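Please read the structure below before turning to the comments.
Protein chains: 2
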Amino acid sequence: MLKTPSSMIPFNKPYLTGKETTYISKAVQSGKISGNGAYTHLCQLYFQKQYQFLKTLLTTSCSDALEMSAILLNIQPRDEVIVPSYTFVSTANAFVREGAKIVFCDSRSDHPGLDESILEELITPRTKAIVPVHYAGVASDMDAIMDVAARHNVAVIEDAAHAVDAYYIDRGGRRKRLGGIGDLGTFSFHETKNIIAGEGGLLIINRDSFTERAEIIWEKGTNRAAFFRGEVDKYGWVDIGSSFLPSEIVSAFLWAQLENLEKIQAKRISLWHHYNDALADWAKHQGIQLPIIPPYATVNGHMFYLVCESLEQRQQLQQHLKSKDIQAVTHYISLHSSPYFKAKHDGRELKETDRYSDCLLRLPMFYTLTETQQQYIIDALHSFN
Amino acid sequence: MLKTPSSMIPFNKPYLTGKETTYISKAVQSGKISGNGAYTHLCQLYFQKQYQFLKTLLTTSCSDALEMSAILLNIQPRDEVIVPSYTFVSTANAFVREGAKIVFCDSRSDHPGLDESILEELITPRTKAIVPVHYAGVASDMDAIMDVAARHNVAVIEDAAHAVDAYYIDRGGRRKRLGGIGDLGTFSFHETKNIIAGEGGLLIINRDSFTERAEIIWEKGTNRAAFFRGEVDKYGWVDIGSSFLPSEIVSAFLWAQLENLEKIQAKRISLWHHYNDALADWAKHQGIQLPIIPPYATVNGHMFYLVCESLEQRQQLQQHLKSKDIQAVTHYISLHSSPYFKAKHDGRELKETDRYSDCLLRLPMFYTLTETQQQYIIDALHSFN
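Here the protein sequences line up with chains W and R, keeping their order. Take 4 as the starting number for the first sequence in the numbering used here and just add one per residue. Take 4 as the starting number for the second sequence in the numbering used here and just add one per residue.
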């Protein structure tokens with residue numbers, strides 16, 4: 004993160020529940036701190052039981068979980084993968100590493116998530132996967148996306164980096180956990196997320212056909228996990244793979260966070276709603292758009308953002324907040340116009356992507372943000388003219 | 004690791020210096036636990052100053068450092084990479100991920116490191132890199148390897164996973180740090196290594212031409228590091244890459260270990276020499292080979308191994324030690340005959356590799372191994388008939 008003077012209200016502040024170092028000490032005393040140990044299992048079981056995911060594997064980052072997805076799908080050079088342009092580089096880079104051609108999709112006009120209504124026209128016989136990003140923890144329209152994917156026999160990988168504890172409400176009114184709907188899904192536990200491990204991620208496997216190979220890829224291409232369960236006599240090199248699994252030090256830290264997930268979520272969601280209620284009139288008056296939550300989505304308190312009318316207005320607002328010692332931050336620069344991709348892009352204008360790139364501003368949002376601090380931020384916004 | 008009953012002397016036991024959790028708490032209190040923070044810098048500077056490496060980057064594993072090497076060298080499908088067959092899967096898999104064809108090299112008859120005398124005949128116009136592995140922290144013959152590489156314009160990546168604090172003594176009598184001789188080098192901080200972070204690694208960059216791009220690949224393909232140094236105005240996607248950098252939680256842990264490197268090394272090296280002295284006559288009598296340290300190599304106390312006369316003898320010896328509650332463990336299974344590679348191998352017999360695969364046995368070696376325990380192990384070996 005950007006450095007902030009101590010007087011400033013930072014954009015983010017990692018929250019320590021108090022048990023992290025206790026659990027790390029326990030892991031070390033157990034004599035096992037490499038990956039796939041007791042705390043890794045606890046974390047994975049948490050998501051398998053509480054979230055009812057078929058199978059989950061902790062990773063060193065959400066980027067790594069996305070890379071595992073690309074390997075599991077056997078992405079080959081010249082295969083095409085559809086990704087929103089308004090996202091973090093890893094959403095695209097994980098597939099670029101396997102040689103994929105990235106086809107960028109514009110965002111919705113009411114939300115930075117990908118615009119599912121244009122998906123169909125982006126699909127070609129070479130399309131292998133669609134990667135919706137649940138921006139700010141707000142669901143993409145999964146029924147629509149899964150429907151397009153099914154009709155074209157294309158896989159869906161949910162980039163749910165922001166979307167722990169968030170839901171999609173399907174056409175039948177059923178609440179479904181984000182990350183658990185596509186063929187595969189990924190979470191991030193980066194320090195800016197709701198629950199954290201510094202760097203860390205989770206691969207969510209929603210299809211039986213992927214479970215066995217996922218574990219092999221995760222264990223550096225070996226069948227070590229099956230060996231330690233007594234399923235094979237000796238273990239060796241059976242597939243490609245990498246060291247995707249995190250240290251028990253990281254898993255022990257994450258476990259302390261998971262134990263407090265409900266408490267953390269309650270606070271963050273309440274902060275989100277307070278921003279949303281207190282800023283509604285002001286935003287309307289300023290021509291600023293507050294987050295729009297579609298009827299099929301829920302609020303998980305990951306992020307509160309404003310969409311300004313123009314780049315100029317955003318710059319003025321950010322400067323205004325800075326003058327009051329409040330750190331508000333912009334977000335992604337359109338990937339389709341990045342130095343790496345510019346020349347590779349097919350030339351389509353991605354209007355909404357560029358608009359969010361220019362106009363979106365994120366307000367401070369973290370567990371220990373006090374009522375007084377939040378009121379100070381709201382007052383500072385109200386004083387912007 | 005294998006599970007050991009509490010009465011057993013385990014093969015390995017991670018050592019906690021006492022400061023690890025203090026530093027982790029400090030990292031969390033600083034508000035910065037994602038990668039590339041204060042402890043990451045401390046660790047990297049340690050290796051740049053104490054080891055005089057040009058540039059180093061902490062990674063989530065040695066596998067990841069090897070993958071970064073493959074990306075830095077622009078390894079393409081059908082490029083050939085020469086790797087010993089007696090090594091961990093990651094030495095090969097990191098290059099397989101980029102599409103490389105692996106050409107396996109046999110081990111030396113006196114040492115599991117690659118046999119540099121046969122390198123030349125393995126080189127073809129497609130050879131892009133040679134990856135010597137400094138097995139057990141004992142140097143490969145780097146002058147010979149660098150000479151072959153230079154003549155054929157091939158890169159050298161030292162897999163120094165075992166070889167922290169180990170040296171190569173060149174033909175001019177100069178001591179050179181392992182990892183710092185090839186174009187690139189890698190360390191591992193896996194829990195079985197001399198200094199540990201559970202899972203973790205280091206990429207060592209020995210050529211100016213790689214430093215800038217390495218940092219970009221490490222930071223997920225972005226120029227974020229340059230941005231935070233004020234070298235560019237904004238940061239974005241400029242290259243392929245991944246999330247190779249570890250959490251500050253991991254770096255803080257590693258820093259506590261690095262502060263104690265000398266103390267740890269003194270103890271491990273003394274354990275090594277005590278095994279070597281106490282077992283010399285017994286080994287000769289049994290037809291068992293103790294480690295041979297070539298005149299150009301040093302002992303870093305990473306591992307003490309025995310090479311038995313036969314698979315049968317090794318099984319008997321391992322069983323004998325087990326009956327005395329001592330955990331001695333075998334090591335790699337030849338990669339060229341692994342399920343993944345068997346059909347891809349060119350059919351050459353790799354006699355020495357297979358011999359180490361069948362006959363090598365590793366004795367318990369860890370910082371807190373007591374004099375009494377070591378004597379007990381030595382006595383147990385002496386009672387083997």
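Note that CB positions come from ideal geometry on N, CA and C, so glycine has one too. If you're wondering where the values come from, they're calculated on a predicted model, not measured in any experiment.
- Buried is the label assigned to K131/R, since at least 16 other Cβ atoms lie within 10 Å of its Cβ.
- Per DSSP, D146/W lies in no beta strand (DSSP E) segment; the continuous alpha helix (DSSP H) that holds it begins and ends at 145 to 155.
- Taking every protein chain shown into account, the CB of H276/R has fewer than 16 other CB atoms within 10 angstroms, so this residue is exposed.
- Contact of G224/W with chain R is assigned, a C-beta pair being separated by under 8 Å.
- Residue contact with chain R for P17/W: present (Cβ-Cβ distance below 8 Å to some residue of chain R).
- Looking only at F14/W, K345/W, R271/W, the smallest Cα-Cα distance to I105/W is reached by K345/W.
- The Cβ of T214/W sits no closer than 8 Å to any Cβ of chain R.
- Close to N96/W, with beta-carbon spacing below 8 Å, are these residues of chain R in chain order: K223, G224, W240, I243, G244, S245.
- Minimum Cα-Cα distance from F107/R among the listed residues A68/R, G176/R, G116/R corresponds to G116/R.
- Cβ-Cβ distances below 6 Å link I74/W to I220 in the same chain, with the five nearest sequence neighbours on each side left out; the list follows chain order.
- DSSP places I85/W inside the beta strand (DSSP E), whose first and last residues are 83 to 87.
- For the stretch 341 to 370 of chain R, the set of positions with a beta-carbon nearer than 8 Å to some beta-carbon of chain W reads S341, P342, Y343, F344 in chain order.
- Annotation for S360/W: the continuous alpha helix (DSSP H) segment containing it runs 354 to 362.
- Rounded to the nearest whole angstrom, the CA to CA distance from L57/R to A217/R is 12 Å.
- Taking a contact to require three or more Cβ pairs closer than 8 Å, the stretch 353 to 368 of chain W and the stretch 297 to 312 of chain W qualify as touching.
- Three or more Cβ pairs drawn from the stretch 24 to 40 of chain W and the stretch 17 to 35 of chain R lie within less than 8 Å of each other, which places the two stretches in contact.
- Here C108/R is bridged, per DSSP, to P87/R.
- Neighbours of A331/R in chain W, taken as residues at a C-beta separation under 8 Å, are lacking, since the least C-beta distance is about 16 Å.
- In this chain, F190/W is not harboured by any alpha helix (DSSP H); it is covered by the beta strand (DSSP E) spanning 187 to 191.
- Take the alpha-carbon of C46/R and the one of S66/R: they are about 19 Å apart.
- Between the stretch 191 to 205 of chain W and the stretch 244 to 253 of chain R there are three or more C-beta pairs closer than 8 Å, enough to call the two in contact.
- Straight through space, the alpha carbons of D168/W and H114/W are spaced by roughly 19 Å.
- By the Cβ rule, the stretch 255 to 266 of chain R does not count as touching the stretch 282 to 300 of chain R, because fewer than three pairs are nearer than 8 Å.
- The shortest CA-to-CA distance from S337/W to any of E70/W, T59/W, F91/W is the one to F91/W.
- Contacts with chain R at 8 Å (Cβ-Cβ) include A200/W.
- Given a length threshold of 3 residues, each whole run of the beta strand (DSSP E) inside the stretch 288 to 317 of chain W is given here in chain order: 308 to 310.
- A contact between stretches requires three or more CB pairs, one per stretch, nearer than 8 Å, and the stretch 288 to 298 of chain R fails this requirement with the stretch 87 to 103 of chain R.
- When the five nearest sequence neighbours on each side are left out, the beta carbons in the same chain lying within less than 8 Å of the beta carbon of K179/R are those of M145, Y170, Y171, I172, D173, in order along the chain.
- One finds S250, I252, V253 in chain R with Cβ atoms closer than 7 Å to the Cβ of V253/W, taken in chain order.
- Chain order gives no chain W residues near L187/R, where near means a beta carbon separation below 7 Å; the closest approach is about 17 Å.
- A direct Cα-Cα distance of roughly 22 Å separates A269/R from T189/R.
- Within the same chain, S88, F107, D109, S337, H339 come within 7 Å of L353/R by CB-CB distance, once the 5 residues on both sides are set aside.
- Under the 10 Å beta carbon count, G175/R is surrounded by fewer than 16 other beta carbons and is classified as exposed.
- Under the Cβ distance rule, G233/R does not count among the residues neighbouring chain W, no pair being separated by less than 8 Å.
- At a cut-off of 8 Å between beta-carbon atoms, H193/R makes contact with chain W.
- Around Y42/R, the same chain offers Y26, A30, E251, S254, A255, W258 as residues with beta carbons nearer than 7 Å, after the five sequence neighbours per side are excluded.
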